[in-house]
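See structure below.
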DNA sequence: TTTATTTACGTAAACGTTTACGGAATAATA
DNA sequence: TATTATTCCGTAAACGTTTACGTAAATAAA
């Protein structure tokens, strides 16, 4: 309850509320002396306009929503960093929602946001079956920009990274350093993001004349304990000499599993992962990563959302692709 | 612009808007048949009440703000995770603001939030000089809960960790493992959080009969390059045999500096840091950490804010202290 | 039966802005 | 001088809810 409002300012200045409102918005209809008087008093009294009254009347909220699977995640927290900075420049407010990879929660958030609470949505999809029709409806009612976790079948503006090329190059790198039996830790497989990464893996194998063995593909499980068990089991039984992990959360268990199994990275097993771990350099051994430009993705996604909001964007179905960086470190080093 | 509103529902059902509103809010004044009719149509049409109209009329927003220095930070992203979960249970919305350690930005955010945009604020203060009077004014207008980065001179509910004991025990641990010249990487020194950590360091030195040398205390600088230079310089010139870092961001440069200086952790220098790095275990060497219960701090802080909002909290000046955990790893191992 | 109470709903005002419309005073033009 | 345009401001309605107040009908109490 902001104590002081436009009516009080108006009364104090012997003006109408309309004039005060216009003065505050720097309308051409108001004389500069009046504007000055209004501004002065507003500042003196620390007047802040009631955002809800304003939003109700103007039918816009100066607020955007960010819907992501998890916030405690290097990639997403960096992306939000970028989003928040852009929003702040524009005097917009940022609402955060976590889906914890649940499609149900995701849908419920979106439903509630259709009430006009936000002017637009930035979303990185939860993995799991996507309801295309549903999301199509949403895009018709509210500007939506998808980032990183996208789905080709859903129309909309998308910001992604070069997932296919990144995975392809990663596998190529493993092969060049001597790997012949390369496992893939699979995640996001319902999304284009995950499919592209997997396809890059497949194609790199094929182009190098390596067989494509289903047993080398390990699905991400329900929780981290299960993941660890699967991965350890996989390494022990299949004895891969290289692993590409499609997400950071599946790469870490490899370290623990190898320690447990008395295997040396990179001598027995080379490891590379999509990861935005800031200090991958300091791991033992340091981890070769495919580093996504998370902050830039956030900046780009938010920037485009604002262009859409200002009707300065006319490509409702464009996908913008930023490049990830392969950072070679000890975990994929060739034997000397 | 939510297409469909209460008036439409009312018209469709031959009811007044008031009745529809009351039915949706499950008022006792409405018959169960009418409620059922209203609910059915609302569901069928995917009706979502306009939050701004509602907030304007009821003078509450169902929204809270979280103001933090940085979101791309292990501690803060985990804390927000906790906050968001609690907010979701209560059907509240969470606005995020980053101060980047700027007191100016922090103040400007708070100012704008006094407009009634949020029902309460969760804040972890930026380091730098605190304007006590200013924040006192804020607390009078809006419920505020401080977490982790707090200041004793500011009245309010606070959630912190046992910073003093944690630092004390960390130094004790270093001493027990043979350190005699322990450096301290200082940050947050304008806040109680930082002061308590520093005091714990001092007292542990004193209680063990070690001298308190100003040269062993390194101030956090303007940016990470500067920090790295200072720290490397410090290690090279002062040759400490142990370091306690008050924040994670200052511990990582130690790794790089030691590599550069050809020093071995822990043999030449033992390192321990306040840190919420998830995989400190995997560093080379693994890092002994003081792990703060970040998620729980978020949960606790949000929980108390909601108690305040529901007037179920009557201790406007209470400080709740959660315990951090000292996790001993290789970086502080004694010589064998 | 009469009066009091309860039930179930409608009317209208209010929340604090913004803005379409109008109009008086002044300045510009014919 | 008469007319038109411009400048500057006020009135009132609107945004979509919620709620104080009122009331007719149904029920209970006397």
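Protein chains in written order, with my numbering: chain A, 1 to 336; chain B, 1001 to 1336. No residue lacks a Cβ here, since even glycine has one placed at the ideal position from N, Cα and C. Since the structure is predicted, the reported quantities are computational estimates derived from the model, not experimental observations.
Item                                                                                                                                                                                     : Value
So which residues of chain B does residue 338 of chain A contact, with C-beta pairs closer than 8 angstroms?                                                                             : Absent from the model: residue 338 of chain A. The displayed extent of chain A is 1 to 336, so no value can be given.
Please list the terminal residues of the continuous alpha helix (DSSP H) segment that includes residue 247 of chain A.                                                                   : It is not in any alpha helix (DSSP H) - residue 247 of chain A carries neither H nor E in the DSSP assignment.
Name the chain A residues whose beta carbon is nearer than 7 angstroms to that of residue 1072 of chain B?                                                                               : 77, 78, 81
Distance check for residue 1118 of chain B and residue 1198 of chain B, CA to CA, integer angstroms please.                                                                              : 35 angstroms
Can you list the residues of chain B that residue 102 of chain A reaches, using a CB-CB cut of under 7 angstroms?                                                                        : Residues of chain B passing the Cβ test: none, with the nearest at roughly 11 angstroms.
Hey, is the stretch 147 to 158 of chain A in contact with the stretch 199 to 212 of chain A, meaning 3+ C-beta pairs nearer than 8 angstroms?                                            : no
Of the residues that make up the stretch 1037 to 1051 of chain B, which ones have a beta carbon closer than 8 angstroms to any beta carbon in chain A?                                   : 1046, 1048, 1049, 1050, 1051
Would you mind working out which of B:1254, B:1109, B:1324 sits nearest residue 1265 of chain B, comparing C-alpha positions?                                                            : B:1254
By how many angstroms is the C-alpha of residue 1247 of chain B removed from the C-alpha of residue 1231 of chain B?                                                                     : 13 angstroms
Just to confirm before moving on: does the CB-CB distance between residue 74 of chain A and residue 278 of chain A stay below 8 angstroms?                                               : yes
Measure the beta-carbon distance from residue 1009 of chain B to residue 1039 of chain B and round it to whole angstroms, keeping in mind my assumption that it falls under 8 angstroms. : With a Cβ gap of about 10 angstroms, residue 1009 of chain B and residue 1039 of chain B do not count as contacting.
Taking a cut of 7 angstroms between CB atoms, which residues from the stretch 137 to 157 of chain A lie near chain B?                                                                    : none
Checking contacts by CB at 8 angstroms: is residue 1025 of chain B closer than that to chain A?                                                                                          : no
For the candidate residues A:125, A:116, A:45, A:90, whose alpha-carbon lies nearest to that of residue 187 of chain A?                                                                  : A:125
Cβ atoms of residue 72 of chain A and residue 1077 of chain B: under 8 angstroms apart, would you say?                                                                                   : yes
My understanding is that residue 1240 of chain B touches residue 1181 of chain B, with C-beta atoms under 8 angstroms, so please give their C-beta distance in whole angstroms.          : 5 angstroms
Given that residue 255 of chain A touches chain B, what residues does it touch there, using C-beta distances under 9 angstroms?                                                          : 1279, 1281, 1282
For residue 1276 of chain B, count neighbouring Cβ atoms within 10 angstroms of its own Cβ and tell me buried if that reaches 16, exposed if not.                                        : buried
Name the DSSP bridge partner or partners of residue 98 of chain A?                                                                                                                       : A:68
Within 8 angstroms of any Cβ in chain A, is that where the Cβ of residue 1159 of chain B sits?                                                                                           : no
Our contact map puts residue 1190 of chain B next to residue 1127 of chain B with C-beta atoms below 8 angstroms; I'd like the distance itself, whole angstroms only.                    : 5 angstroms
Could you give the uninterrupted runs of the alpha helix (DSSP H) lying entirely in the stretch 1278 to 1330 of chain B, keeping only those of 4 residues or more?                       : 1294 to 1309
Can you give the Cα-Cα distance for residue 393 of chain A and residue 335 of chain A, rounded to whole angstroms?                                                                       : Nothing can be reported for residue 393 of chain A: it is not among the residues displayed for chain A, which extend from 1 to 336.
Under the three-state reduction of DSSP, which class applies to residue 209 of chain A: helix, strand or coil?                                                                           : coil
Under 8 angstroms by Cβ, that's how I've got residue 1263 of chain B and residue 1290 of chain B pegged, so tell me the actual separation to the nearest angstrom.                       : So it is not a contact: roughly 22 angstroms between Cβ atoms.
Between the alpha carbons of residue 172 of chain A and residue 202 of chain A, how many angstroms are there, rounded?                                                                   : 11 angstroms
Could you check whether residue 121 of chain A and residue 337 of chain A sit closer than 8 angstroms to each other, using their CB atoms as the reference points?                       : Here chain A has residues from 1 to 336 only, and residue 337 of chain A is not among them.
Between residue 164 of chain A and residue 1256 of chain B, what straight-line distance do the alpha-carbon atoms span, to the nearest angstrom?                                         : 33 angstroms
Using the three-state DSSP reduction, which class does residue 1045 of chain B fall into: helix, strand or coil?                                                                         : coil
Could you tell me if residue 1224 of chain B is buried or exposed, where buried requires 16 or more neighbouring beta carbons within 10 angstroms of its beta carbon?                    : exposed
What span of residues does the alpha helix (DSSP H) with residue 1333 of chain B cover, start to end?                                                                                    : Taken as a continuous stretch (DSSP letters only), residue 1333 of chain B belongs to no alpha helix (DSSP H), as it is neither H nor E.
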